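Student:
Chains as they are written, first to last, in the working numbering: chain A, 5 to 285; chain B, 543 to 995.
(1) I need the DSSP call for residue 246 of chain A, collapsed to helix, strand or coil.
(2) Tell me the rounded alpha-carbon separation between residue 139 of chain A and residue 98 of chain A.
(3) Residue 653 of chain B versus chain A: which residues are under 9 Å apart at the beta carbon?
(4) Is the segment 640 to 649 of chain B close to the segment 693 to 711 of chain B, with three or more CB pairs under 8 Å?
(5) Using three-state DSSP, classify residue 862 of chain B as helix, strand or coil.
(6) Please state whether the Cβ-Cβ distance between residue 847 of chain B and residue 756 of chain B is less than 8 Å.
(7) For residue 958 of chain B, does the count of other Cβ atoms within 10 angstroms reach 16, so buried, or fall short, so exposed?
(8) Mind checking if residue 175 of chain A is an interface residue toward chain B, Cβ cutoff 8 Å exclusive?
(9) Can you give me, in chain order, the residues of the segment 564 to 589 of chain B that have a beta carbon less than 7 Å from any beta carbon in chain A?
(10) What beta strand (DSSP E) runs, 3 residues minimum, are completely inside the segment 889 to 963 of chain B?
(11) So what's residue 28 of chain A in DSSP terms, helix, strand or just coil?
(12) Would you say residue 158 of chain A reaches chain E, if we count a Cβ-Cβ gap shorter than 8 Å as a contact?
(13) State the DSSP-derived secondary structure class of residue 92 of chain A, mapped to helix, strand or coil.
(14) With which residues is residue 772 of chain B paired in a DSSP beta bridge?
(15) For residue 591 of chain B, would you say it is in contact with chain A, using Cβ-to-Cβ distances shorter than 8 Å as the test?
(16) Any chance you could list the beta strand (DSSP E) runs of at least 3 consecutive residues sitting entirely within the segment 659 to 737 of chain B, in chain order?
(17) Taking the alpha carbon of residue 952 of chain B as the point to measure from, which residue in B:591, B:973 and B:787 has its own alpha carbon closest?
(18) With distances taken Cα to Cα, identify the nearest neighbour of residue 184 of chain A among A:47, A:202 and A:176.
(19) Quick one: residues in its chain with C-beta nearer than 6 Å to the C-beta of residue 2 of chain A, no 5 flanking neighbours on either side, listed in chain order?
(20) In terms of residue numbering, what span does the beta strand (DSSP E) encompassing residue 1 of chain A cover?
(21) Taking C-beta pairs closer than 8 Å, name the residues in chain A that residue 561 of chain B reaches, listed in chain order.
(22) How long is the line joining the alpha carbons of residue 853 of chain B and residue 841 of chain B, rounded to whole angstroms?
(23) In angstroms, rounded to a whole number, what distance separates the CA positions of residue 689 of chain B and residue 653 of chain B?
(24) Cβ atoms of residue 761 of chain B and residue 639 of chain B: under 8 Å apart, would you say?
(25) For the beta strand (DSSP E) that residue 576 of chain B lies in, which residues bound it at each end?
(26) So the beta strand (DSSP E) residue 271 of chain A belongs to, where does it begin and stop?
(27) For residue 595 of chain B, which residues in chain A fall below 7 Å Cβ to Cβ?
(28) For the segment 692 to 706 of chain B, which residues have a CB atom closer than 7 Å to at least one CB atom of chain A, in sequence order?
(29) For the segment 71 to 90 of chain A, which residues have a CB atom closer than 8 Å to at least one CB atom of chain B, in sequence order?
(30) Could you check if residue 255 of chain A is buried or exposed, using at least 16 other CB atoms within 10 Å of its CB as the buried criterion?
(31) Count the other C-beta atoms from every protein chain shown that fall within 10 angstroms of the C-beta of residue 159 of chain A, then say buried if there are 16 or more, exposed otherwise.
(32) Quick one: list the residues of chain A neighbouring residue 549 of chain B, beta-carbon separation under 7 Å, in chain order.
(33) What would DSSP say about residue 593 of chain B, mapped onto helix, strand or coil?
(34) If I measure Cβ to Cβ from residue 193 of chain A and keep anything under 8 Å in the same chain, skipping five residues before and after, which residues do I get?
(35) For residue 763 of chain B, go through chain A and note every residue whose CB falls closer than 7 Å to its CB, in chain order.
(36) When you compare only the Cα positions, how much space is there between residue 740 of chain B and residue 682 of chain B?
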């Protein structure tokens with residue numbers, strides 16, 4: 005029997021909803037083919053064995069050519085485990101908003117976690133958790149971050165293919181607006197005055213929400229250097245209150261550092277319109 | 543080989559379940575002293591951070607509790623908020639919602655049947671190994687699963703965390719013509735779904751029974767998915783009987799008076815009780831409570847699969863056979879989805895406006911793995927003042943632990959060769975997978991570290 009030379013893949017979970025790793029199981033057309041090309045060595049949601057050895061353990065055996073990491077770091081044990089995973093992975097890619105930005109559970113970062121604990125649990129003293137939810141990159145070096153809440157299936161396949169072929173993934177980093185243009189969507193803001201985060205949101209979903217007549221709600225997180233001053237002004241013009249604006253940014257990528265100025269911008273009095281409409285004399 | 547003193551088995555990472563859990567079993571002198579499904583997935587505090595959010599936000603936010611059943615969360619959240627606002631969504635909007643929900647049932651149940659559960663019956667660690675000997679069956683399962691995803695992608699924009707759902711309805715509703723390709727696709731997998739029932743019915747099932755109550759929504763005339771009243775079937779008088787027990791019903795508004803959860807220090811999990819009794823939600827409960835309203839195609843498949851006659855109130859109490867009931871539910875969901883598409887006329891408006899008012903509302907629906915309950919209270923401006931979510935796996939945990947105890951005890955009592963640790967561990971994993979636990983769902987309020995009292 006000749007040695008198995010296929011590259012090895014591992015999938016890991018931290019605090020998350022499982023949706024991003026499920027995306028791999030949602031590759032119905034590709035799953036069995038992928039399993040021929042790649043040795044899926046560690047993937048607890050899919051297999052009870054690691055390379056034929058049972059049972060698979062939480063820490064894995066390694067080493068792995070590519071590790072996909074879902075979820076954010078919210079416990080001391082998570083911190084230890086992500087360092088371990090980094091050590092046994094040649095390449096480490098985060099999948100989704102939790103692993104990349106801390107996820108919706110990072111809303112605790114803006115609140116008193118003690119109060120949260122007491123709201124949910126009758127005996128909060130039994131609950132071990134960190135005060136913050138942090139992305140993987142806050143703890144270990146990350147080779148690539150795939151955006152989305154959840155990630156896009158085609159982008160996931162592209163990332164796996166690219167890393168295993170040793171090339172850079174072809175994942176555009178422009179805004180959702182480009183995707184609307186490419187899809188031929190009418191702009192929901194221009195045509196209907198619908199508030200839309202498209203201009204400041206990272207592409208990847210294929211402009212899903214505007215395609216369904218809804219404004220983008222930012223689940224792929226911020227584009228590089230977002231113009232938040234203009235964005236907040238536009239959202240106000242389209243009828244959002246300061247409170248609504250803070251809410252829409254504080255969802256699935258709440259802890260993205262790019263969004264930090266939003267709270268202040270949204271609570272300020274609306275600035276003077278630099279181009280007031282001309283009033284007839 | 544004899545064991546002296548307590549024999550402790552641990553499995554630190556359960557595989558082929560959604561989320562992260564562990565198992566701990568203590569056997570003392572040939573008797574199971576303790577069987578525990580540990581849920582160590584960290585909490586995510588959804589109920590806490592929902593407070594202060596807008597009443598329009600729970601569908602999007604709570605869908606992130608679970609990537610496996612986001613539609614269940616969206617549908618339950620919408621209905622709870624709509625109740626609070628005093629609005630009922632009916633006719634075609636309600637039917638479209640049901641179509642989306644059937645898409646999730648088809649996808650999620652097929653995922654569990656083929657990728658998570660079936661490998662157990664062939665001694666395979668995963669569906670990849672299973673596909674080596676059962677390629678046709680696994681590919682058939684993936685086809686069905688994909689069709690379920692196609693329903694969610696068409697109606698919801700995407701299969702995981704759909705974007706098209708909003709309180710009051712949808713952002714956009716499809717034209718009739720847009721659903722036609724979906725119908726073709728569902729028709730193509732209708733035979734696949736029935737074939738899957740035949741396939742799983744042929745598996746080798748260990749003898750097992752359960753004596754807990756069964757809780758599911760009941761909506762006379764319909765196999766309930768997003769409507770109906772909680773109904774509980776009591777265990778039969780004689781152990782091991784598959785006869786239907788008496789059924790009691792209560793209003794959704796009274797859910798929290800009947801279902802009580804306690805956090806206990808010796809356990810990492812909240813223990814859920816229904817009127818002080820252990821109970822189970824999910825496929826076995828739905829089949830017992832609503833089986834007579836299954837689509838005729840699904841009912842016929844159930845009879846042929848040896849599940850008894852659902853029209854006559856058949857009850858399945860062997861948890862290992864849940865995979866067959868799940869397959870029957872997929873056949874039902876496919877048939878019902880086709881019926882909705884055939885009868886579809888686009889509603890006049892994609893959604894109903896829901897102005898906020900100071901009120902509270904609750905709702906329950908049938909997530910693929912069991913009954914899901916939400917309640918919200920809001921201020922006059924729509925800011926949420928309270929959120930409460932009771933996911934199915936949290937409710938099932940006590941029943942799962944009882945199953946663990948039973949299957950291990952039954953094995954220990956069997957004469958012949960003593961059971962090895964590996965055999966017992968594998969048996970326990972199977973007993974857990976019988977109920978398709980979704981630990982990610984449970985973990986937003988269950989925890990994790992064992993504290994010694």
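Ideal Cβ positions, reconstructed from N, Cα and C, are used throughout, including at glycine. On a predicted model such as this, the values are computed, not experimentally measured, just so you know.
Tutor: Straight from the coordinates:
(1) helix
(2) 9 Å
(3) 26, 29 and 30
(4) yes
(5) helix
(6) no
(7) exposed
(8) no
(9) 584, 585, 586, 587 and 589
(10) 901 to 909, 912 to 920 and 926 to 932
(11) helix
(12) The displayed structure is made up of protein chains A and B, and chain E is not among them.
(13) coil
(14) B:759
(15) yes
(16) none
(17) B:973
(18) A:202
(19) No answer is possible for residue 2 of chain A: the residues shown for chain A start at 5 and end at 285.
(20) In the structure as shown, chain A starts at 5 and stops at 285, and residue 1 of chain A therefore has no counterpart that could be examined.
(21) 17 and 22
(22) 7 Å
(23) 12 Å
(24) no
(25) 573 to 581
(26) From DSSP, residue 271 of chain A is part of no beta strand (DSSP E) but of the alpha helix (DSSP H) over 266 to 271.
(27) 251
(28) 699, 700, 701, 702, 703, 705 and 706
(29) 78, 79 and 82
(30) buried
(31) buried
(32) Result: empty, since nearest Cβ-Cβ is about 18 Å, beyond 7 Å.
(33) coil
(34) 199, 200, 202, 219, 238 and 242
(35) Ordered by position in chain A, no residue passes the 7 Å Cβ test against residue 763 of chain B, which lies about 32 Å from the chain.
(36) 12 Å
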